[in-house]
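Participant: In my numbering, the protein residues as written are 7 to 152. One structure follows; several queries about it will come next.
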């Protein structure tokens with residue numbers, strides 16, 4: 007599982023012009039799933055993200071997690087995170103899990119975040135989405151479960 011984590015002041019995802027998910031202060035997660043990923047990978051990623059100390063404390067140091075600051079999550083499925091661009095000009099997406107495998111694991115990942123006490127908004131799995139955010143910092147990290 008590969009997740010791009012972006013600290014955000016505000017974010018939303020729209021499908022066909024309609025907002026399907028929006029948050030104020032928190033994290034935008036672009037979530038990619040590969041063939042070997044299991045619920046253990048989803049749990050690892052959820053626990054890691056919920057506990058990441060990437061929000062500033064009173065001294066301006068990154069010492070607080072999204073839970074500590076009362077932040078929200080906007081989780082967006084993103085199979086293109088497993089695009090292989092090493093050969094040619096067109097990415098190869100063979101490493102991305104098929105939708106029938108990826109969607110249940112993506113849903114479970116979001117459920118695990120909710121079980122940790124986070125408010126989680128999502129995009130629409132498999133849809134063409136427009137994601138907008140005000141990246142706070144900017145702070146952008148990549149979490150990999152393997």
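Cβ coordinates follow ideal geometry from the N, Cα and C atoms, glycine included. Here the structure is a predicted model, which means the values were calculated and not measured.
Under 6 Å Cβ to Cβ from residue 122, same chain only, skipping five residues before and after it: list those, please.
Facilitator: In the chain shown, counting from the first residue as 1, residue 122 sits at position 116. Contacts found: 56.
Participant: Report the start-end ranges of each beta strand (DSSP E) in the stretch 84-123 that is 3 residues or longer and not cut off at the edges.
Facilitator: Complete beta strand (DSSP E) runs here, min 3: none at all.
Participant: Would you check if the stretch 107-117 and the stretch 47-55 touch, i.e. whether three or more CB-CB distances between them fall below 8 Å?
Facilitator: Output reads yes: the stretch 107-117 touches the stretch 47-55.
Participant: How many Å lie between residue 53 and residue 81 at the Cα?
Facilitator: The residue labelled residue 53 in the question sits at position 47 within the chain shown. The residue labelled residue 81 in the question sits at position 75 within the chain shown. Rounded to whole angstroms, residue 53 to residue 81 spans 15 Å at the Cα level.
Participant: Would you mind reading off the limits of the beta strand (DSSP E) that contains residue 15?
Facilitator: By one-based count along the chain shown, residue 15 stands at place 9. 8-21 is the extent of the beta strand (DSSP E) around residue 15.
Participant: In chain order, what residues of the same chain have a beta carbon less than 6 Å from the beta carbon of residue 36, not counting five sequence neighbours either side?
Facilitator: Translated into positions along the chain shown, residue 36 becomes position 30. Only 10, 82 and 84 meet the Cβ criterion.
Participant: Can you tell me whether DSSP reads residue 55 as helix, strand or coil?
Facilitator: Taking the chain shown and counting its residues from 1, the one referred to as residue 55 is at position 49. Helix at residue 55.
Participant: For residue 97 and residue 65, what's the separation of their Cα atoms in angstroms?
Facilitator: As a position in the chain shown, residue 97 is number 91, starting the count at 1. As a position in the chain shown, residue 65 is number 59, starting the count at 1. Their Cα atoms are separated by approximately 43 Å.
Participant: With residue 25 as the anchor, note down where its beta strand (DSSP E) starts and where it stops.
Facilitator: Your numbering for residue 25 matches position 19 in the chain shown. Residue 25 -> beta strand (DSSP E) spans 24-29.
Participant: DSSP state of residue 61, grouped into three classes?
Facilitator: Residue numbering aside, residue 61 sits at position 55 when the chain shown is read from its first letter. Three-state DSSP puts residue 61 in a strand.
Participant: Reducing DSSP to helix, strand and coil, say where residue 45 ends up.
Facilitator: As a working mapping, residue 45 is identified with position 39 in the chain shown. Helix.
Participant: Between residue 33 and residue 79, is the Cβ-Cβ spacing less than 8 Å?
Facilitator: For this step, residue 33 is matched to residue 27 along the chain shown. For this step, residue 79 is matched to residue 73 along the chain shown. Yes. Within cutoff.
Participant: Looking at the unbroken beta strand (DSSP E) that takes in residue 145, where does it start and where does it end?
Facilitator: Here residue 145 is taken as the residue at index 139 of the chain shown, counted from 1. Per DSSP, residue 145 belongs to the beta strand (DSSP E) from 136-150.
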